[in-house]
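Asks:
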Amino acid sequence: MPTDKTIPRERGAYSFLTPVTLRYSDQDPNQHINNVAITAYLESGRVGFMHNLFGDRLPDSRMVLANMTVDYLQEILYPDTVEVGGRLAAVGGRSITCQYAIFQGDKCCVVSQSTNVFFNPETRRSMEPPDDIRQHLDEQMAALT
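Numbered according to the working numbering, the sequence shown spans residues 15 to 159.
1. Threshold first: 3 residues or longer. Then list the beta strand (DSSP E) segments lying entirely within the region 28-67, N to C.
2. Flag this pair as touching only if the region 101-109 and the region 35-44 have three or more C-beta atom pairs under 8 Å; answer yes or no.
3. Excluding the 5 residues flanking residue 30 on each side, which residues of the same chain have their C-beta closer than 6 Å to its C-beta?
4. Quick check for students: name the residue ranges of the alpha helix (DSSP H) that lie wholly in the region 76-102, counting only runs of 4 or more.
5. Does the distance from the C-beta atom of residue 82 to that of residue 126 stay below 8 Å?
6. Can you tell me the Cβ-Cβ gap for residue 114 and residue 56, rounded? I've got them flagged as a contact below 8 Å.
7. Which one of 87, 141 and 116 has the shortest CA to CA distance from residue 131?
8. Quick one: what's got a C-beta closer than 6 Å to residue 129's C-beta in the same chain, skipping five residues either side?
9. To the nearest whole angstrom, what separates the beta carbons of residue 122 and residue 23, a pair I think is in contact under 8 Å?
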């Protein structure tokens with residue numbers, strides 16, 4: 015599968031950055047950071063970005079991760095701290111699409127895209143977001159254009 019060229023590779027394209035300190039145990043036998051550790055870094059970035067995006071606006075609904083793609087562009091080497099950038103890319107009827115990138119120094123090493131679906135914990139089904147959240151997301155998207 016070709017690398018997704020639509021996900022920005024410039025740090026300035028991301029509205030929120032999460033620093034992540036690399037651990038010695040995150041390395042694989044090739045002495046670079048293992049792909050499993052990289053998905054954990056993306057999770058830290060995603061959770062931080064979602065908290066920044068929504069704050070306390072999601073008390074009665076939740077979101078679940080429905081899809082995630084990861085493209086590895088360059089190896090990440092220990093020891094260091096990386097930054098995970100997050101940005102809102104699209105808003106659907108029951109979901110949002112976000113894009114992420116992992117930067118080590120000046121290099122973009124990983125890009126990722128995820129779809130998160132609004133989820134009703136009582137019915138265990140997807141749901142439309144409440145009106146206030148929809149309005150907030152629409153405002154966020156308008157600010158990007």
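We treat Cβ as the ideally placed atom computed from N, Cα and C, and that holds for glycine. Values in this document were obtained by computation on a predicted structure and should not be read as measured data.
Replies: Taking the structure as given:
1. If we require 3 residues or more, the beta strand (DSSP E) runs fully inside the region 28-67 come out as 30-35.
2. No, they do not touch.
3. When the five nearest sequence neighbours on each side are left out, the beta carbons in the same chain lying within less than 6 Å of the beta carbon of residue 30 are those of 63, 66 and 100, in order along the chain.
4. Listed in chain order, the alpha helix (DSSP H) elements of length 4 or more contained wholly in the region 76-102 amount to none.
5. Yes, they are a contact pair.
6. Contact holds; Cβ gap of about 6 Å.
7. Of the listed residues, the one whose Cα sits closest to residue 131 is 141.
8. Here the set comprises 80, 81, 109 and 111.
9. Yes, residue 122 and residue 23 are in contact; Cβ-Cβ is about 4 Å, under 8 Å.
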